[in-house]
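These notes are about the structure you will find just below.
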DNA sequence: AATCCGGGGGT
DNA sequence: ACCCCAGGATT
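In our numbering, the protein residues as written are 559 to 896.
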């Protein structure tokens, strides 16, 4: 049997069940692929179910408010994905009457669809022979064929795309998924399960005893912590939430106001009463927030702080209604402490 | 080519 | 503490 046949047979017997594998229309695959960007399957699963129940077709999504789409994305991270998916849905609904195009030159201009997602949707939904190279595929193929290009370098993806195309069988739909599934279940980053790997006898890294040396990936420097005060302004049963700016970190999401230590010096001189809670740590990919919650009861002086210090527009939200706002997890952590 | 953009899971 | 995850857009 050929390399491809071994892999396809293993996939047929061992693939996991997933909600998006019950469906084959391009919209359903598209939504799943966007949610799965840099996000593990088990994290996506509940979000996908809720999202597809609320937005079952591309036209349902296209006609929805951005704020509601964000609410369904709340907690999943990389919120620009939600914005771009929403914009992409409008493009497909308006330019293609809701029918997802089958040509690469059209697909690649849909917002939020890059090289990986294009290949994934075209192959999985339509069984077209396009590569879908993600982190799994680069790891699997780097070991199988001893490819030592640095996968942290952007152009390396093209090398793996060429490799996938040199191997591509007629069953593109299952071949691409099989490569990813092998990477997720067997050919894992740490402690790969070579002893039960269906590709063991064909794996060059295994023969060299060099599985752990692949893929080659340069490392990045770690982030320095940033220190803030998180203002929790209470007015009866309501808490002051602001909508963040429409660009940058956690863009357009809601949360309690964060102020720098310099701004905090100014606030303190205004003579207000407050209570300090335990510091909350929130880690992003490229930075770390250390937030000290400051609990303040609303009064006229506090209104002056809101007017003079806070940049974003906000409102007092009754505690029972906070769940209707797309609040980033960094701020949910603070609200949970109250 | 490098940087920005979340949050959670595994070791 | 560190790495990884079915990456894409922007600069």
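Yeah, the Cβ is synthetic: ideal placement off N, Cα and C, and Gly gets one too. This structure is a prediction, so every number in the text was calculated from the model and none was measured.
I'd like the list of long-range same chain contacts for residue i, defined as Cβ closer than 8 Å, with 5 residues on each side in sequence excluded.
i           : result
residue 699 : 705, 718, 721, 722, 737
residue 603 : 576, 577
Grouping DSSP H, G and I as helix and E and B as strand, with all else coil, what is residue i?
i           : result
residue 673 : helix
residue 696 : helix
residue 691 : coil
residue 889 : helix
residue 682 : helix
residue 904 : Residue 904 is absent from the model: the chain starts at 559 and stops at 896.
residue 816 : strand
residue 872 : strand
residue 657 : coil
residue 834 : strand
Where does residue i land, buried or exposed, given buried means 16+ other C-beta within 10 angstroms?
i           : result
residue 681 : buried
residue 633 : exposed
residue 753 : exposed
residue 790 : buried
residue 800 : buried
residue 806 : exposed
residue 638 : exposed
residue 785 : exposed
residue 712 : exposed
residue 749 : exposed
residue 692 : buried
Could you give the first and the last residue of the continuous beta strand (DSSP E) run that contains residue i?
i           : result
residue 783 : 783-793
residue 799 : 796-801
residue 855 : 846-855
residue 741 : No beta strand (DSSP E) holds residue 741; the alpha helix (DSSP H) holding it covers 730-743.
Identify, in the order they occur along the chain, each residue of the same chain with its Cβ nearer than 7 Å to the Cβ of residue i, setting aside the five sequence neighbours on each side.
i           : result
residue 833 : 853
residue 608 : 630
residue 775 : 708, 709, 710
residue 783 : 846, 848
Kindly indicate which residue of the options has the alpha-carbon position closest to the one of residue i.
i           : options            : result
residue 772 : 810, 708, 733, 815 : 708
residue 668 : 644, 686, 862      : 644
residue 795 : 874, 781, 883, 626 : 874
residue 798 : 742, 845, 861      : 861
residue 843 : 598, 613, 636, 612 : 636
residue 792 : 839, 863, 625, 856 : 856
residue 892 : 863, 816, 822      : 816
residue 611 : 589, 596, 595      : 589
residue 617 : 647, 804, 606, 605 : 647
residue 835 : 811, 787, 812      : 787
residue 880 : 659, 758, 814      : 814
Residues in its own chain within less than 6 Å of residue i by CB, not counting five upstream and five downstream?
i           : result
residue 865 : none
residue 751 : 744
residue 741 : 694, 697, 698
Along the chain, where does the alpha helix (DSSP H) containing residue i start, and where does it finish?
i           : result
residue 665 : 662-665
residue 839 : Taken as a continuous stretch (DSSP letters only), residue 839 belongs to no alpha helix (DSSP H), being part of the beta strand (DSSP E) at 838-841.
residue 589 : 584-593
residue 570 : 561-572
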